[in-house]
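Counting the sequence shown from 1 gives a position; my numbering is that position plus 845.
Heads up: the structure comes next, in structure tokens.
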Amino acid sequence: MGNYYISINQMADFQGSTDATKKRIINQQLTPNKFLIPWYQLAKARIKKSFELKGDLKPIQDAMDTLQKRKPTSDRQKTDKQVSLEALERFVKMKLPDVLKNIDYEIVRPENKTLQVSDVDVIVAPEVVIKGTFNGKTVFGAVKIHISKNKPFDLKKSTYVASTIYEYLKSRIATEEDIVMREICICLDVFSGRLVSAPEDSELTFSEVEEICREVKEIWDKAA
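This is the structure:
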């Protein structure tokens, strides 16, 4: 990666945050916690599996059964269990895009997971990248999963993520002959109850993402 980098979810959080929060986000990039354990790993993995199986909810139910049997030995484990269960329960109630039912697709795992925006490497790293066939054409889409009970994304943040996914697939994954389908460039936020696709004017939205990344670079230079 380059000199400046930020995850796509942190980039979305950056928008509209206070100056203090923006500085904290940048400081997290400058001095990352190498021992930080990711939250809700089982929930994310099984939501991803459900997409791989075109909406099959059996992986979700299996995960809920597994979580119910867990006996937490710390406050962190207790919180992870409770929030993971609630996230999976909410996912079950969400409606996946109908277009997925009409696409013969597989899940691919690209090596390149970043998109450079205004000199900042945005780590997109979608949990799901879809490659399929639709109307005789090769099509791509991707899903970024966001699980945060205390800080769910609003519509604007989700749209930023979906638009960035669209640009990432166009620039890094698809060829000129392929089609990146906006409908399946998705930010899935379980606690806001939203599946937000890249809008028709995603280029306009992405110009705002570029502005966010310019501000990331500016604060980074001051903090470094």
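C-beta atoms are modelled at their ideal positions from N, C-alpha and C, and glycine is treated no differently.
Query	Result
Pairwise C-alpha distance: Ser919 and Pro1044	42 Å
Residues sharing a beta bridge with Ser1042, DSSP	Ile1031
C-beta contact flag for Val928 and Cys1058 at 7 Å	no
Sufficient close CB pairs (3 or more, under 8 Å) joining the stretch 931-940 to the stretch 975-982	no
Extent of the continuous beta strand (DSSP E) to which Ser852 belongs	Tyr850 to Ser852
Candidates Ser895, Asn878, Gln874 and Lys868, of which the one nearest Leu1033 by Cα	Ser895
Test item: CB-CB of Ala888 and Leu933 under 7 Å	yes
Cβ neighbour criterion (16 or more within 10 Å) applied to Gly900	exposed
Beta carbon of Tyr1011 nearer than 7 Å to that of Cys1030	yes
Integer-rounded CB distance, given that Ser1003 should sit under 8 Å from Phe1036	That pair is no contact at about 11 Å.
Status (buried if at least 16 other CB within 10 Å, exposed otherwise) for Pro883	exposed
Within 7 Å, strictly: CB atoms of Glu897 and Ile952	yes
Check whether Lys903 and Asp964 have beta carbons under 7 Å apart	no
Whole-angstrom distance between Lys1067 and Lys916, CA atom to CA atom	46 Å
Exposed unless 16 or more other CB atoms sit within 10 angstroms - verdict on Ala908	buried
Alpha-carbon to alpha-carbon, Leu875 and Asp966	14 Å
Opening and closing residue of the alpha helix (DSSP H) in which Gln961 lies	Unbroken run through Gln961 is the beta strand (DSSP E), Thr959 to Val962; no alpha helix (DSSP H).
Own chain residues within Cβ distance below 8 Å of Ile1064, not counting five before or after	Lys867, Lys868 and Ile871
Tyr1005, DSSP secondary structure in three states	helix
Per-residue DSSP class, three states only, for Thr876	coil
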